[in-house]
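What follows is a short report on a single structure.
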Amino acid sequence: MVSNITLGLIQMSMSADKSANLAKAVRMIGDAAKKGADVVCLPELFNLSYFPQDERNNEIESEQIPGPTTEALARAAKANGVVVIGGSIFEKGKTGNDGKTKKTYNTTAVFDETGKMLGAYRKVHVPHDENFYEKNYFEPGDLGFKVF
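Here is the structure:
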């Protein structure tokens, strides 16, 4: 049993360039591992600028999980031998019963030190207030509360 776990908490600036943000996050995971982190945590919506401050931005694209972001995080976890808590990703969920509505979620994916995805958590309590228009983008999570 491990008695001490070192956390690497990443704080980073994000731009509108999703691939640049992801590359920066992967690099920072490596930096945290080199400094002794066992578990590395990324910020919410780390691969995008925080877009829910706009009432509706139709240019933001969600992605499926697994997908490009989770694949990159899995490789980073394995390459650095660390657990990665993947901040959150604007997840493209399944199409609704009407065949048109696409559900999207604010989802965290968790990876072990071998790069295996242990599971995901979809944010349940979605705020909605001035400058926090998350309900315009995200459905409440439906995966329950997880322990990884």
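Read the sequence shown against my numbering and you will find it ends at 156, with the numbers running on by one and no gaps.
Every residue, glycine too, gets a C-beta built ideally from N, C-alpha and C.
The structure presented is a predicted model; accordingly, all values stated were derived computationally and were not measured.
- Around Lys154, the same chain offers Gly127 and Tyr129 as residues with beta carbons nearer than 7 angstroms, after the five sequence neighbours per side are excluded.
- A straight line joining the alpha-carbon of Lys100 with that of Asn88 spans about 28 angstroms.
- For Lys110, the enclosing beta strand (DSSP E) stretches over residues Lys110 to Phe119.
- Apart from the 5 residues on each side of it in sequence, Ile68 sits with its Cβ closer than 8 angstroms to the Cβ of Leu56, Phe59, Phe98 and Tyr145 in its chain, given in chain order.
- Asn105 and Tyr113 have their C-alpha atoms some 17 angstroms from each other.
- A distance below 6 angstroms between beta-carbons, with the five flanking residues on each side excluded, links Lys131 to the following residues of its chain, in chain order: Asn114 and Gly149.
- Apart from sequence neighbours up to five positions away, the residues of its chain that approach Pro51 with a beta-carbon distance below 6 angstroms are Gly95, ordered along the chain.
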